[in-house]
Amino acid sequence: MKLDLGRIRLPSMPWLARLPGMSRVDWNVWRPRAGYAAFALLAFAVALRGTFPSEAVRERLILEAGARGWQFEADDLGPGGLLGVTAEGVRLEDHASHQLAIDRVSASLRLLPLLMGRQVMDVDALVYEGRVRGSTALNGAERRTVLALEGLDLARAVPLKVATGMDLQGSVSGSVDVTVPEAPAGRPTGHMELAVARAGVAGGQLPIPGMATGLRLPRVGLGEIAASVKLEGGKAAVERLEAKGGDVELATDGLAVTLGPRLEHAAVFGKATVRIQPAFWGASATAGLRPIVEAALASARTPDGAYRLQVVGTLGHPRIVLTPGQGLPARGGGGEE
Numbered sequence: 001m002k003l004d005l006g007r008i009r010l011p012s013m014p015w016l017a018r019l020p021g022m023s024r025v026d027w028n029v030w031r032p033r034a035g036y037a038a039f040a041l042l043a044f045a046v047a048l049r050g051t052f053p054s055e056a057v058r059e060r061l062i063l064e065a066g067a068r069g070w071q072f073e074a075d076d077l078g079p080g081g082l083l084g085v086t087a088e089g090v091r092l093e094d095h096a097s098h099q100l101a102i103d104r105v106s107a108s109l110r111l112l113p114l115l116m117g118r119q120v121m122d123v124d125a126l127v128y129e130g131r132v133r134g135s136t137a138l139n140g141a142e143r144r145t146v147l148a149l150e151g152l153d154l155a156r157a158v159p160l161k162v163a164t165g166m167d168l169q170g171s172v173s174g175s176v177d178v179t180v181p182e183a184p185a186g187r188p189t190g191h192m193e194l195a196v197a198r199a200g201v202a203g204g205q206l207p208i209p210g211m212a213t214g215l216r217l218p219r220v221g222l223g224e225i226a227a228s229v230k231l232e233g234g235k236a237a238v239e240r241l242e243a244k245g246g247d248v249e250l251a252t253d254g255l256a257v258t259l260g261p262r263l264e265h266a267a268v269f270g271k272a273t274v275r276i277q278p279a280f281w282g283a284s285a286t287a288g289l290r291p292i293v294e295a296a297l298a299s300a301r302t303p304d305g306a307y308r309l310q311v312v313g314t315l316g317h318p319r320i321v322l323t324p325g326q327g328l329p330a331r332g333g334g335g336e337e
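Mind the numbering: the sequence shown is residues 1 to 337 in UniProt numbering, read in order.
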């Protein structure tokens with residue numbers, strides 16, 4: 001079969017002829033050259049996909065994950081984009097048996113930054129019934145990561161359940177923009193904006209001051225959660241964290257996390273105000289808990305019926321400390337039934 005690339009017709013571009021020197025270009029000569037170049041690029045891409053070294057890539061990913069303390073497994077590996085890889089059925093597990101399951105993930109290097117000596121990788125992952133898209137810099141003095149989160153289901157996030165001891169519910173969306181210096185002593189900077197729709201707790205144990213085993217939680221609706229976090233000076237300062245429209249409403253003040261090599265050991269400190277809606281105690285599953293909760297939190301109760309708490313400890317094992325309120329209202333006041 002003969003391929004006559006000289007017959008390829010390019011679209012009319014009169015503006016091109018007005019550029020300096022372009023009016024003298026003989027397009028009858030350049031058309032076949034452009035066609036051959038495009039054909040060569042297409043053939044290279046097809047050959048790259050057809051000869052993708054999946055087993056070699058799998059071994060490399062296992063080694064890289066192992067060097068960072070993770071065990072890597074994937075059901076299928078293949079090419080992704082021009083300079084990337086796509087994996088399906090990915091499972092990551094650390095030394096503490098914490099598991100992360102990813103349905104599908106594609107990672108591909110951007111060509112133009114690579115030609116300039118910079119390694120920037122685009123990432124697109126399907127995880128927890130949602131999607132995470134963005135890019136991350138792999139080299140340079142300042143390595144920036146930008147991500148967009150869409151509809152991640154908290155009920156499927158097993159690591160969160162293990163870390164908090166609670167069955168969380170809700171759909172998470174938001175954005176992450178973080179820059180991490182290459183120097184070991186460097187501190188990350190950036191912002192995170194997160195929103196959780198239909199947030200709630202389906203069960204679990206809530207640590208209560210004075211109770212050795214904690215409180216077994218019934219189903220609690222938290223409504224809509226909004227969070228804004230700023231990374232600066234080695235700390236993650238929670239500028240805004242509030243839950244509205246549910247059985248329990250929450251707002252924090254001065255909450256901050258001191259960042260470290262391991263997040264579960266990062267120190268956390270701040271204050272929170274919790275308000276339990278009267279209708280929550282009307283359900284049969286929660287009516288019996290009311291005297292227990294009110295007795296445990298009595299010293300933190302404010303005249304308007306809210307509770308002032310202090311959060312201390314570490315991110316992996318936070319503790320709640322009661323903050324004395326300004327006085328107790330009479331039974332039935334302060335928004336109570």
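For every residue, glycine included, the Cβ atom is placed at its ideal position computed from N, Cα and C.
By how many angstroms is the C-alpha of K230 removed from the C-alpha of R240? As a first step, residue 240 must be located in the sequence shown, where it is residue number 240. As a first step, residue 230 must be located in the sequence shown, where it is residue number 230. Taking the straight line from one Cα to the other gives about 10 angstroms.
Pull up the distance between the alpha-carbon of G200 and that of A251, whole angstroms please. Within the sequence shown, residue 200 is the residue found at index 200, counting from 1. Within the sequence shown, residue 251 is the residue found at index 251, counting from 1. Going from the Cα of G200 to the Cα of A251 covers about 15 angstroms.
Is it right to say G66 is buried, meaning 16 or more other beta carbons lie within 10 angstroms of its own, or is it exposed? On the sequence shown, position 66 is the one that residue 66 refers to. Looking at its Cβ environment, which holds fewer than 16 other Cβ atoms inside 10 Å, G66 is exposed.
Nearest to G234 by CA position, among L263, Q119, P218, F39, is which residue? By 1-based counting over the sequence shown, the position of residue 234 is 234. Out of L263, Q119, P218, F39, L263 has the C-alpha closest to the C-alpha of G234.
Looking at C-alpha atoms only, which residue of E232, A141, A101 is the closest neighbour of R131? Position 131 of the sequence shown, counting from 1, holds the residue named residue 131. Nearest of E232, A141, A101 to R131, Cα basis: A101.
Within the stretch 229-260, ranges of the alpha helix (DSSP H) (whole runs, at least 4 residues): none
In angstroms, rounded to a whole number, what distance separates the CA positions of M116 and V321? Translated into positions along the sequence shown, residue 116 becomes position 116. Translated into positions along the sequence shown, residue 321 becomes position 321. Approximately 53 angstroms, taken between the alpha carbons.
Three or more C-beta pairs under 8 angstroms: does that hold for the stretch 149-169 against the stretch 183-190? no
Boundaries of the alpha helix (DSSP H) in which S299 is found, first to last residue: For the purposes of this step, residue 299 is taken as the residue at position 299 of the sequence shown. Where S299 is concerned, there is no enclosing alpha helix (DSSP H), given that its DSSP letter is neither H nor E.
What did DSSP end up calling T189 once you bin it into helix, strand or coil? Numbered from 1 along the sequence shown, position 189 holds the residue referred to as residue 189. DSSP places T189 in strand when its eight states are reduced to three.
Report all residues from its chain with a CB closer than 6 angstroms to the CB of N139; omit the five preceding and five following residues, and keep chain order. Your numbering for residue 139 matches position 139 in the sequence shown. Excluding sequence neighbours, N139 sits near Q119.
Cβ-based burial, F39 [other Cβ within 10 Å; buried from 16]: Numbered from 1 along the sequence shown, position 39 holds the residue referred to as residue 39. Label assigned to F39: exposed.
Going by Cα to Cα distance, which pick from V248, P113, L92, V312 is closest to L61? Start at 1 with the first residue of the sequence shown, and residue 61 comes out as number 61. From the listed residues V248, P113, L92, V312, the smallest Cα separation to L61 is found for L92.
Which first and last residues belong to the alpha helix (DSSP H) in which R58 is found? Your numbering for residue 58 matches position 58 in the sequence shown. 54-67 is the span of the alpha helix (DSSP H), which, as asked, contains R58.
Determine, using beta carbons only, whether A107 and V90 come nearer to each other than 7 angstroms. Stepping through the sequence shown from its first residue, residue 107 is reached at position 107. Stepping through the sequence shown from its first residue, residue 90 is reached at position 90. Taking 7 angstroms as the Cβ cut-off, A107 and V90 do not qualify as a contacting pair.
What does DSSP give as the partner residue(s) for F269 in the beta ladder? One-based indexing of the sequence shown puts residue 269 at position 269. BP columns for F269 point to A256.
Of the choices V123, D304, G282, A137, whose alpha-carbon is the least far from that of L149? Looking up residue 149 in the sequence shown gives position 149. Of V123, D304, G282, A137, the residue nearest in Cα terms is V123.
What are the boundary residues of the alpha helix (DSSP H) that includes S284? Working through the sequence shown from its first residue, we reach residue 284 at position 284. Segment 284-287, the alpha helix (DSSP H) holding S284.
So, at 6 angstroms on beta carbons, what are the nonlocal neighbours of Q310 in its own chain, with the 5 sequence-adjacent residues on each side left out? Here residue 310 is taken as the residue at index 310 of the sequence shown, counted from 1. K271, V321, T323.
CA-to-CA distance, A226 to Y307, given in whole angstroms: Looking up residue 307 in the sequence shown gives position 307. Looking up residue 226 in the sequence shown gives position 226. About 20 angstroms.
By the three-class DSSP mapping on this structure, what secondary structure does R91 have? The residue labelled residue 91 in the question sits at position 91 within the sequence shown. R91 falls in the strand class under three-state DSSP.
State the start and end residues of the unbroken beta strand (DSSP E) segment that holds L100. Translated into positions along the sequence shown, residue 100 becomes position 100. From DSSP, the beta strand (DSSP E) with L100 extends over 99-109.
According to DSSP, is G35 helix, strand or coil? Taking the first residue of the sequence shown as 1, we reach residue 35 at position 35. It is helical.
Considering only the beta carbon of each residue, do P218 and T286 sit closer than 7 angstroms? Within the sequence shown, numbered from 1, the residue matching residue 218 stands at position 218. Within the sequence shown, numbered from 1, the residue matching residue 286 stands at position 286. Yes, they are a contact pair.
Could you check where the beta strand (DSSP E) with Q119 kicks off and where it finishes? Indexing the sequence shown from 1 puts residue 119 at position 119. First-last for Q119: undefined, no H or E at that position.
Please state whether the Cβ-Cβ distance between G204 and D247 is less than 7 angstroms. As a first step, residue 204 is located in the sequence shown; it is residue number 204 there, counting from the start. As a first step, residue 247 is located in the sequence shown; it is residue number 247 there, counting from the start. Cβ distance not < 7 angstroms, so G204 and D247 don't count as in contact.
Whose CA, out of G245, R104, L63, lies closest to the CA of G80? What you label residue 80 is simply residue 80 of the sequence shown in a count that begins at 1. If we check each option's Cα against that of G80, R104 comes out closest.
Answer with buried or exposed for L111, where buried requires no fewer than 16 other C-beta atoms within 10 angstroms of its C-beta. By 1-based counting over the sequence shown, the position of residue 111 is 111. When all chains shown are included, L111 counts as exposed.
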